[in-house]
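As structure tokens, the structure follows; a few thoughts come after it.
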Amino acid sequence: MLDAIRRRRVTRSFTAEPVSADVLREILRAARCASSAGNRRIHRFLVIRDAATVKRLKPFAPGMLGWPPALIVVSTDLEQARKANVQFERDMNSWIDVGTALMSMMLAAQALGLGSCPATSFSQAAVARLLDFPPTLLPELILQLGHPLGQPSRSPRRASALRLEDLTDWERLGQREPEPDATASSTRAEASESTIQSTR
Ligand SMILES: Cc1cc2nc3c(=O)[nH]c(=O)nc-3n(C[C@H](O)[C@H](O)[C@H](O)COP(=O)(O)O)c2cc1C
Numbered sequence: 030m031l032d033a034i035r036r037r038r039v040t041r042s043f044t045a046e047p048v049s050a051d052v053l054r055e056i057l058r059a060a061r062c063a064s065s066a067g068n069r070r071i072h073r074f075l076v077i078r079d080a081a082t083v084k085r086l087k088p089f090a091p092g093m094l095g096w097p098p099a100l101i102v103v104s105t106d107l108e109q110a111r112k113a114n115v116q117f118e119r120d121m122n123s124w125i126d127v128g129t130a131l132m133s134m135m136l137a138a139q140a141l142g143l144g145s146c147p148a149t150s151f152s153q154a155a156v157a158r159l160l161d162f163p164p165t166l167l168p169e170l171i172l173q174l175g176h177p178l179g180q181p182s183r184s185p186r187r188a189s190a191l192r193l194e195d196l197t198d199w200e201r202l203g204q205r206e207p208e209p210d211a212t213a214s215s216t217r218a219e220a221s222e223s224t225i226q227s228t229r
């Protein structure tokens, strides 16, 4: 699992090979299993494999760079959200839920030998219109899926890319490393505490 997480990269070029419904169902199950705030499940998933539909969407989705043989459009069901009393203006959880579903689907796709790339750069109004969505369904993200064209990138992330240390502080802002002794002694303390508990 950790290796898969480290190796995952987006795929923007796909072969024309179709993606089977079974494989797509597996990817959708991964979305269904993703963590969801309050377990509200206010998102819906539309699978598109029709090349003509992909072609019609492309001009309104500059974030879709290649020709993916399959798409999963993740949308917010506004009717469901209303029932769950979601206050969009001060509740970011809905958008976070799109992210948890996305990551689960991307990792599932990778495990199944597919490449994937999310796109949020698209006209929500145009996509909703082209897909005949009711006004209660808002497209949030398009996941492009397919068999990677050529060898998927397995190269390590660029040396110039941000490192973990550039993004992370420990205990307080400005502290870049954990205190080695503190970590070791707290681990020792936890170990001795569990020893104490187990002998109680
Ligand atoms: C919420 C979100 C939206 C994204 N939208 C697009 C997009 O519209 N078009 C695109 O080509 N890539 C898109 N990406 C992919 C990112 O550009 C990509 O994840 C990033 O460059 C890091 O590459 P990696 O995933 O291979 O590590 C998106 C990623 C996320 C998480």
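Each step along the sequence shown adds one to the number in this note's numbering, with nothing skipped, and position 144 is 173. Built from N, CA and C at the ideal position, the CB exists for glycine as well.
{"Asked": "Arginine 73: first and last residue of the uninterrupted beta strand (DSSP E) it sits in", "Found": "72-77"}
{"Asked": "Separation of aspartate 32 from aspartate 210, as counted between CA atoms", "Found": "29 Å"}
{"Asked": "Cutoff 7 Å; reference cysteine 62; Cβ partners in own chain excluding five residues on either side", "Found": "Ser133"}
{"Asked": "Expected contact under 8 Å - CB spacing of glycine 92 and alanine 140 to nearest Å", "Found": "Not a contact, Cβ separation roughly 24 Å."}
{"Asked": "Cβ contact check for the segment 96-104 and the segment 167-174: 3 or more pairs under 8 Å", "Found": "yes"}
{"Asked": "Check: leucine 94 C-beta below 6 Å from any heavy atom of ligand 1", "Found": "yes"}
{"Asked": "Boundaries of the alpha helix (DSSP H) in which glycine 95 is found, first to last residue", "Found": "Unbroken run through glycine 95: none, as it is neither H nor E."}
{"Asked": "Nearest to phenylalanine 151 (by Cα), restricted to the options Leu143, Arg78, Val83", "Found": "Val83"}
{"Asked": "Residues near phenylalanine 117 in its chain [Cβ-Cβ closer than 8 Å; skip 5 each side]", "Found": "Ala110, Ser123"}
{"Asked": "Proximity of proline 98 and valine 48 at Cβ, strictly below 7 Å", "Found": "yes"}
{"Asked": "Beta-carbon proximity check, alanine 50 vs alanine 130, cutoff 7 Å", "Found": "no"}
{"Asked": "Bridge partners - phenylalanine 117, DSSP secondary structure assignment", "Found": "Note: phenylalanine 117 sits in no beta bridge, so no partner."}
{"Asked": "Complete runs of the beta strand (DSSP E) confined to the segment 118-175 [at least 3 residues]", "Found": "144-148, 166-175"}
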